[in-house]
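**Student:** Residue numbers (the working numbering): 6 to 251. Glycine included, every Cβ here is placed at the ideal spot set by N, Cα and C.
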Ligand code: ADE
């Protein structure tokens, strides 16, 4: 059996996916609702991880241990870090790093102690498939989203980026902090709060992980306004579109 996990952190990011699985079987484990069912004929389990690295690690472990998933696909939003990554763009993860991991001077900064690893890889096959799906998903989404709901974003020209995603237990909402992160991790494209923790668990278990994040804000002084606006109108529509194309 090959079961795929479909994961987002927040309801706003997965609502449209869950709406398409109304008659599926729900199981509650560790306070989370796991929806076991089907997506385009595939055996899937959909779940909200909740926010943060511990919540993500608990969810990944449960998916693997209790639900026997063989692959995990995460869809959600992130803050743009690199200067060319704008609100409305899409980032397909190729690597993950925990930006708040720091056991120095015992271990190098950002290295996960006793693993020798600083970055965890996304699964190349799943990530290739996500990268191929992403531009079509954007077109599909725009076809159903009236222009007056585009939040004044140039969505038809949104870009798909691929590369490093940084995770940490902080909602980055100050330009100064974003600049510090960019200085410390110049290759990081986006920042969020879950996927590098999930990647560590997936690495331990040998389970492939891929993630796609739409950019909801620039992780700057306006993030607290941009983030809620984006997740209310666009995030979940994009998740369903990209999972349909995938
Ligand atoms: N997810 C979306 N925007 C974010 C931000 N600015 N910081 C952390 N996680 C995020």
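Taking 8 Å as the limit between beta carbons, can you name the residues of its chain near residue 94, skipping five residues before and five after?
**Tutor:** The residues are 85, 163, 164, 165, 166, 219 and 220.
**Student:** Where does residue 216 land, buried or exposed, given buried means 16+ other C-beta within 10 angstroms?
**Tutor:** Answer is buried; the Cβ neighbour count reaches 16.
**Student:** Tell me whether residue 178 counts as near ligand 1, meaning its Cβ is closer than 7 Å to at least one heavy atom of that ligand.
**Tutor:** Answer for residue 178: yes, Cβ within range of ligand 1.
**Student:** Does ligand 2 have even one heavy atom less than 7 Å from the beta-carbon of residue 232?
**Tutor:** Absence of ligand 2 is noted for the structure shown, with ligand 1 being the only ligands found.
**Student:** Using a Cβ-Cβ cut-off of 6 Å (strictly less than) and excluding sequence neighbours within five positions of residue 101, which residues of its own chain qualify?
**Tutor:** Same-chain partners within the cutoff: 125, 170, 200, 201 and 204.
**Student:** Can you tell which of 70, 71 and 97 has its C-alpha closest to the C-alpha of residue 78?
**Tutor:** With distances taken between Cα atoms, residue 78 lies closest to 97.
**Student:** By alpha-carbon positions, which one of 49, 18 and 66 ends up nearest to residue 207?
**Tutor:** The shortest C-alpha separation from residue 207 is found at 66.
**Student:** Thinking C-alpha only, which one of 153, 123, 186 and 158 is nearest residue 91?
**Tutor:** When each option's Cα is compared against that of residue 91, the closest is 158.
**Student:** Leaving out the 5 sequence neighbours to the left and right, which residues in its chain are closer than 6 Å to residue 178 when beta-carbon positions are compared?
**Tutor:** So the list reads 228 and 229, once near-sequence residues are dropped.
**Student:** Could you check the C-alpha separation between residue 36 and residue 63 for me, to the nearest Å?
**Tutor:** For residue 36 and residue 63, the distance between alpha carbons rounds to 11 Å.
**Student:** On the three-pair Cβ rule with 8 Å, is the segment 49 to 61 touching the segment 25 to 39?
**Tutor:** These segments touch.
**Student:** Taking the DSSP output, what are the residues bridged to residue 192?
**Tutor:** Answer is none; residue 192 lacks a bridge partner.
**Student:** Taking the beta strand (DSSP E) that residue 126 belongs to, which residues open and close that run?
**Tutor:** 124 to 126 is the extent of the beta strand (DSSP E) around residue 126.
**Student:** Looking only at DSSP bridge pairs, what is residue 101 linked to?
**Tutor:** Paired residue(s): 125 and 170.
**Student:** For the beta strand (DSSP E) that contains residue 41, what are its first and last residues?
**Tutor:** Start and end: 37 to 44.
**Student:** What three-state label does DSSP hand residue 83 in the structure shown?
**Tutor:** The answer is strand: DSSP assigns residue 83 an E or B state.
**Student:** Could you please give me the residues that DSSP links to residue 218 through a beta bridge?
**Tutor:** According to DSSP, residue 218 bridges with 81 and 96.
**Student:** In this structure, how does DSSP classify residue 9 when only helix, strand and coil are distinguished?
**Tutor:** DSSP places residue 9 in strand when its eight states are reduced to three.
**Student:** Are there any heavy atoms of ligand 1 lying less than 7 Å away from the beta-carbon of residue 13, as far as the coordinates show?
**Tutor:** No, ligand 1 has no heavy atom inside 7 Å of this Cβ.
**Student:** Please tell me whether residue 19 and residue 244 are closer than 8 Å, where the distance is taken between their beta carbons.
**Tutor:** Yes, they are a contact pair.
**Student:** Could you give the C-beta distance for residue 42 and residue 26, rounded to a whole number, given that I count them as a contact under 8 Å?
**Tutor:** So it is a contact: roughly 5 Å between Cβ atoms.
**Student:** Answer yes or no: does any C-beta atom of chain C fall closer than 8 Å to that of residue 110?
**Tutor:** You won't find chain C in this structure, because it holds only one protein chain.
**Student:** When every heavy atom of ligand 1 is checked, does at least one fall within less than 7 Å of the C-beta of residue 84?
**Tutor:** Yes, the beta carbon of residue 84 sits closer than 7 Å to at least one heavy atom of ligand 1.
**Student:** Just to confirm the assignment, what range does the alpha helix (DSSP H) spanning residue 249 have?
**Tutor:** Start and end: 241 to 250.
**Student:** Taking all protein chains shown into account, do 16 or more other C-beta atoms lie within 10 angstroms of the C-beta of residue 121, making it buried, or fewer, making it exposed?
**Tutor:** Flag for residue 121 reads exposed.
**Student:** Would the beta-carbon of residue 232 fall within 8 Å of that of residue 225?
**Tutor:** No. Outside cutoff.
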